[in-house]
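A short write-up of the structure that comes next.
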Amino acid sequence: KSTQRKISAFFGNG
Amino acid sequence: MFEARITQGSVLKKLVEALKELVTEGNFDVSNTGLSLQAMDSSHVCLVSLTLREDGFDHFRCDRNMAMGIHFGNLSKILKCAGNEDTITLKAEDNADQLTLMFEAPSQDRISDFDLKLMSIESEHLGIPDQDYSAEVKLPSSEYQRIVRDLTSIGDTVLISATKEGIKFSTSGDVGTANITLRHNTTPEKPEEQTFIDLKEPVALTFALRYLNNFSKATPLAPQVKLSLTKDLPIVVEYQVGELGSVRFYLAPKIDD
Chain V
1 KSTQRKISAF
11 FGNG
Chain L
1001 MFEARITQGS
1011 VLKKLVEALK
1021 ELVTEGNFDV
1031 SNTGLSLQAM
1041 DSSHVCLVSL
1051 TLREDGFDHF
1061 RCDRNMAMGI
1071 HFGNLSKILK
1081 CAGNEDTITL
1091 KAEDNADQLT
1101 LMFEAPSQDR
1111 ISDFDLKLMS
1121 IESEHLGIPD
1131 QDYSAEVKLP
1141 SSEYQRIVRD
1151 LTSIGDTVLI
1161 SATKEGIKFS
1171 TSGDVGTANI
1181 TLRHNTTPEK
1191 PEEQTFIDLK
1201 EPVALTFALR
1211 YLNNFSKATP
1221 LAPQVKLSLT
1231 KDLPIVVEYQ
1241 VGELGSVRFY
1251 LAPKIDD
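Residue numbers (the numbering used here), protein chains in the order written: chain V, 1 to 14; chain L, 1001 to 1257.
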């Protein structure tokens, strides 16, 4: 089973 | 004050049509280098990054950095009132609560102006690192549109795999399965009809088709689209908007638990 990740999990606060 | 004039106003119309369903609102950040926007969709699964360079406009002036909160549905309503051949000028005073859009017909015999109410939007700005991707694929934007549209009718998610054989899009659903493979192909005379695959290492990732399909609303902006893939990272779907800049869509992958 695969889960949809959130985009913020990949990019830091900038 | 801020003032930006673009002779080819249809570009702005197309840009807003490409974004408005994905992001309902966001800040136009203007500075002396141009206009940019970063916004996530409501589920925070994808991110849109728009960059329009100052020198891509026919006239650009920005005395002070500003974040103009835009409701894209409302901006779209106003831009629909501009003719496809119109020159569009955007104007705002410093700290204004409205953005003025002026439309001029090519014959100069019709000039209209509309004021769009601005919003105060707190947006989380994400830092997108510069990086090398395992696979970069440039293909006709109409081909990308067709692939994601066709696969959306079969399944909900797509496995995109890039190998030395080409780039393969696979899905499955109630009706069955589908696989579409594109190969590197520089045979067509027109560069915009060619497919370029730059592969550093094989990569395979799964994405929700609904979003990839939504990104293809940007097709009228550019003849080609670039897909960038790296294991366990968001895909980048990038449209170059002529000399003006680019719109990039980032979509987080689905990852096995």
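Note that the Cβ used here is the ideal one computed from N, Cα and C, for glycine as well.
Assumed close pair residue i, residue j - CB separation to whole angstroms, cut-off 8 angstroms
i: isoleucine 1154 of chain L; j: isoleucine 1160 of chain L; result: Not confirmed; about 15 angstroms, so no contact.
i: tyrosine 1239 of chain L; j: valine 1045 of chain L; result: Actually they are not in contact, since the Cβ atoms of tyrosine 1239 of chain L and valine 1045 of chain L sit about 19 angstroms apart, beyond 8 angstroms.
i: leucine 1052 of chain L; j: glycine 1034 of chain L; result: 5 angstroms
i: valine 1011 of chain L; j: valine 1175 of chain L; result: The Cβ separation is near 38 angstroms, so there is no contact.
Close-in-space but distant-in-sequence residues of the same chain around residue i (CB under 7 angstroms, 5 per side omitted)
i: tyrosine 1133 of chain L; result: Ser1228, Leu1229, Thr1230
i: glutamate 1192 of chain L; result: Pro1140, Pro1223, Gln1224
Selected residue, minimal CA-CA separation from residue i, among the options
i: glycine 1069 of chain L; options: L:Gln1224, L:Arg1149, L:Ser1120, L:Lys1217; result: L:Ser1120
i: threonine 1181 of chain L; options: L:Asp1041, L:Thr1195, L:Tyr1211, L:Lys1190; result: L:Thr1195
i: threonine 1219 of chain L; options: L:Gly1245, L:Pro1140, L:Leu1209; result: L:Pro1140
i: leucine 1019 of chain L; options: L:Leu1199, L:Phe1249, L:Asp1150, L:Ser1142; result: L:Phe1249
i: phenylalanine 1103 of chain L; options: L:Asp1097, L:Ala1096, L:Ile1111; result: L:Ile1111
i: aspartate 1094 of chain L; options: L:Met1066, L:Ile1235, L:Ser1042, L:Thr1024; result: L:Met1066
i: alanine 1039 of chain L; options: L:Ser1142, L:His1071, L:Val1048; result: L:Val1048
i: threonine 1186 of chain L; options: L:Arg1064, L:Asp1198, L:Val1247, L:Thr1177; result: L:Asp1198
i: glycine 1245 of chain L; options: L:Asn1032, L:Asp1055, L:Ser1031, L:Ser1043; result: L:Asp1055
i: glutamate 1201 of chain L; options: L:Lys1217, L:Ala1162, L:Leu1079, L:Pro1188; result: L:Ala1162
i: threonine 1089 of chain L; options: L:His1059, L:Lys1117, L:Ser1107; result: L:His1059
i: glutamate 1003 of chain L; options: L:Phe1215, L:Lys1091, L:Asp1115; result: L:Lys1091
Neighbourhood of residue i by C-beta, 8 angstroms cutoff - its chain only, sequence neighbours within 5 removed
i: arginine 5 of chain V; result: none
i: glycine 1073 of chain L; result: Lys1020, Thr1024
i: leucine 1209 of chain L; result: Val1148, Leu1151, Thr1152, Gly1155, Asp1156, Thr1157, Val1158, Thr1171
i: aspartate 1113 of chain L; result: Thr1100, Leu1101, Met1102, Phe1103
Proximal residues to residue i (C-beta, below 6 angstroms), its chain only, five neighbours per side dropped
i: serine 1123 of chain L; result: Asn1027
i: glycine 1173 of chain L; result: Ile1154, Gly1155
i: lysine 1226 of chain L; result: Lys1138, Glu1238
i: arginine 1064 of chain L; result: Asp1094
i: aspartate 1097 of chain L; result: Leu1118
i: valine 1030 of chain L; result: Phe1002, Cys1062, Met1066
i: glutamate 1136 of chain L; result: Asp1198, Ser1228
i: phenylalanine 1215 of chain L; result: Val1237, Phe1249
Runs of alpha helix (DSSP H) lying entirely within the segment 1046-1112 of chain L, each at least 4 residues, in chain order: 1072-1079
So within the segment 1132-1192 of chain L, which uninterrupted alpha helix (DSSP H) runs reach at least 4 residues, ignoring any that extend past its ends? 1141-1152
3-residue-minimum beta strand (DSSP E) runs that sit fully inside the segment 1002-1047 of chain L, ordered along the chain: 1002-1006, 1025-1031, 1034-1040
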